[in-house]
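One structure below.
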């Protein structure tokens, strides 16, 4: 009891001794977003500021907030985004005890885990529906279906792939404190669920034409090896990040990362190629092309970012010369 | 001192624009003449040749944009080009039963007036370096009426052609085949109709924006 009182009073004294700082929060149009601004103590972090804004506004929880330093109007410079870990003082001018931040609402957010779970759940459930249920009767195909071996293996391969993805989402991937706008749930689910159904429709079709046994074996075999390699790549990426979710970038090393920056995308693309070699459908190949172009965009951005970050100056290591995503093309 | 490339490209573009202009002028002339003399059922047959030529020549414009000969963005001309080529080849040329429909007349008249104004406008600018302000006004104002009439004709023709599309197996790919692919032109047409729902207001408001920009710019000059 005595100790508790001492602790509380020393905290109060401590708080009184700490200087206060004034934070003005404006919207992007320049008008004051929080009337009268906020007062925080000197050592406050950006995360503290986000909490304070959340408390005042009730609606805007921290992951919805995008806080930047103001830029002079007309300036083409990209605004500095406040990092939630840093202290506010880091962003203040010399000897100043106040700061103005610009607030932007990112809209309702969902965690990446939630997003990934729903986008992968669709293909996992929809594909077997085309295999097991008499769906094709609704498309006008009456009569018995003959199931080819390749269609059975394709079902296992596909479901294994998306099951693996869901498992990785919950047990492997380390997300850098990131959320995603809610609208992405609809966009991403539309992409995965539509393509999943599109491919499932053709591969499980009663009039499906299988390829040769050898081609099927090569396709699935190669694809499986790539899926395992892809899993290992994810493990390596996970180990680059610390468990407390502080994110950040490191130079990936080991395994295929020594030759190619985004080895995880590379193995993913080749894995789909294996599936398509085995199942041979236009739908599957269209999906492969679209997925490859999306991942290539991401890979280029990541490669560029890593090269910029690790420029070899000021004691930082220099990013080694590597393929971006698909040797020998890019 | 303009480079020889600039001079050459201006010559080429002048010839291109005026040639296609003549094509569309023929379309309008023949359409009105046939309408007066024989009736709307015969309009397509009269305009078929210049229509197919002039509309297909427009595909060159994509190339012009890609190689940088003209400044217009490919993204805005592609949807318009797509619908035109689809109607011209995918509906009218492919399904003769629809050619006697009265909407063919409204389609052809809407398209040809728009294109006559547009190609002569570009032809003027390439050949003479300027275009009179009334010409600019026409280019950015006639769409206010001609877009609704043109789009309604397009949608109507696709809709009325649907029974013929379904009956014939034209442009369809059926299973089984080596590539496990199928394409049903009938459902493709339904999808095309669906695209008009968000596409038309988008195109119309895009043109409204263009109009505002172009006419205010000329006021300031």
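Protein chains in written order, with UniProt numbering: chain A, 1 to 330; chain B, 1 to 221. Beta carbons: idealized from backbone N, C-alpha and C, even for Gly. Quick caveat: nothing in here was measured; it's all calculated off a predicted structure.
Neighbour-count burial assignment, residue i, 16 or more Cβ in a 10 Å radius
i: residue 55 of chain B; result: buried
i: residue 264 of chain A; result: buried
i: residue 201 of chain B; result: exposed
i: residue 101 of chain B; result: buried
i: residue 329 of chain A; result: exposed
i: residue 96 of chain A; result: exposed
i: residue 167 of chain A; result: exposed
i: residue 99 of chain A; result: buried
i: residue 272 of chain A; result: buried
i: residue 279 of chain A; result: buried
i: residue 266 of chain A; result: buried
i: residue 115 of chain A; result: buried
i: residue 72 of chain A; result: exposed
i: residue 187 of chain B; result: exposed
i: residue 132 of chain A; result: exposed
i: residue 6 of chain B; result: exposed
i: residue 94 of chain A; result: exposed
i: residue 165 of chain A; result: buried
Same chain only: Cβ atoms within 6 Å of residue i, ignoring 5 sequence neighbours per side
i: residue 175 of chain A; result: 112
i: residue 241 of chain A; result: 174
i: residue 206 of chain A; result: 136, 141 and 145
i: residue 219 of chain A; result: 274, 277 and 278
i: residue 40 of chain B; result: 102 and 105
i: residue 84 of chain A; result: 46 and 47
i: residue 26 of chain B; result: 50
i: residue 312 of chain A; result: 318
Own chain, CB closer than 7 Å to residue i, minus 5 neighbours either side, in chain order
i: residue 158 of chain B; result: 91, 189, 192 and 193
i: residue 204 of chain B; result: 147
i: residue 185 of chain B; result: 165, 170, 171 and 172
i: residue 200 of chain A; result: 126, 127 and 130
i: residue 149 of chain B; result: 106 and 110
i: residue 33 of chain A; result: 25, 26, 27 and 103
i: residue 250 of chain A; result: 240
i: residue 125 of chain B; result: 131
Same chain, Cβ closer than 8 Å to residue i, five either side skipped, listed in chain order
i: residue 108 of chain A; result: 64, 181 and 182
i: residue 141 of chain B; result: 211
i: residue 95 of chain B; result: 161, 164, 165, 168 and 170
i: residue 193 of chain A; result: 119, 122, 123 and 126
i: residue 136 of chain B; result: 121, 214, 215 and 218
Rounded distance between the beta-carbons of residue j and residue i, thought under 8 Å
i: residue 270 of chain A; j: residue 226 of chain A; result: 4 Å
i: residue 77 of chain A; j: residue 69 of chain A; result: About 10 Å separates the two Cβ atoms, so there is no contact after all.
i: residue 319 of chain A; j: residue 302 of chain A; result: No, residue 319 of chain A and residue 302 of chain A are not in contact; Cβ-Cβ is about 11 Å, not under 8 Å.
i: residue 28 of chain A; j: residue 104 of chain A; result: 6 Å
i: residue 189 of chain A; j: residue 122 of chain A; result: 6 Å
i: residue 180 of chain B; j: residue 282 of chain A; result: 7 Å
Please determine if the segment 211–220 of chain A and the segment 251–262 of chain A are in contact, where contact requires at least 3 C-beta pairs separated by less than 8 Å. no
Could you check whether the segment 182–193 of chain A touches the segment 220–231 of chain A, counting it as contact only if at least three pairs of C-beta atoms, one from each stretch, sit closer than 8 Å? no
Just by C-beta distance, which residues in the segment 264–276 of chain A are closer than 9 Å to chain B? Within the segment 264–276 of chain A, no residue has a Cβ that lies closer than 9 Å to any Cβ of chain B.
Near-chain B residues of the segment 189–210 of chain A (beta-carbon distance less than 8 Å), N- to C-terminal order: 202, 203, 205, 207, 208 and 209
Any contact of the segment 7–16 of chain B with the segment 285–299 of chain A, i.e. 3+ C-beta pairs under 8 Å? Contact fails: fewer than three Cβ-Cβ distances are below 8 Å.
Counting Cβ pairs, one atom from each stretch, are 3 or more of them under 8 Å apart for the segment 76–85 of chain B and the segment 49–63 of chain B? yes
Taking three-plus beta-carbon pairs below 8 Å as touching, is the segment 155–175 of chain A in contact with the segment 49–67 of chain A? No, because fewer than three Cβ pairs between the segment 155–175 of chain A and the segment 49–67 of chain A fall closer than 8 Å, the two stretches do not touch.
Mind checking the segment 167–194 of chain B against chain A and listing, in chain order, the residues whose C-beta falls within less than 8 Å of any C-beta there? 175, 176, 177, 178, 179, 180, 181 and 182
Give, in chain order, every residue of the segment 280–303 of chain A whose Cβ lies closer than 9 Å to some Cβ of chain B. Cβ contacts with chain B come from 280, 281, 282, 283, 284 and 285.
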